[in-house]
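*Asks:* Take this structure, written in structure tokens, and hold onto it; I'll ask about it next.
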Amino acid sequence: MNSTEDFEERKKIRSRLREIRDKQRDELEAKRKQREAEAEDLVKKKFEKAEEEKKKKMEAYKQQAPTHQRDSKYHEVTQNLIADKYK
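Numbering of the sequence shown is given in UniProt numbering, commencing with residue 1 and proceeding in unit increments.
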């Protein structure tokens, strides 16, 4: 651009440089948005996987038989009260 003395020629060069900068800015912005979306998807998948594991563990605990017999009647009474509440 410094070698050119013609005003119109300089104007064209500046215009072209502006177009190139705008194009590069748009490309970088698109890449940034894509990276953010990928990171968000990764977090969402990780959260869903953790929830799924949690559900599996809870289901396994429900299916597991009690390890010992309860000596007190407290548990039986409370279970009966809960059952009566839902009737």
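In this text, a Cβ means the ideal position worked out from N, Cα and C, and glycines have one as well.
#1: Would DSSP call T78 helix, strand or coil?
#2: May I ask which residues mark the beginning and end of the alpha helix (DSSP H) holding K49?
#3: Could you check the C-alpha separation between E19 and I13 for me, to the nearest Å?
*Replies:* Straight from the coordinates:
#1: helix
#2: F7 to Q63
#3: 10 Å
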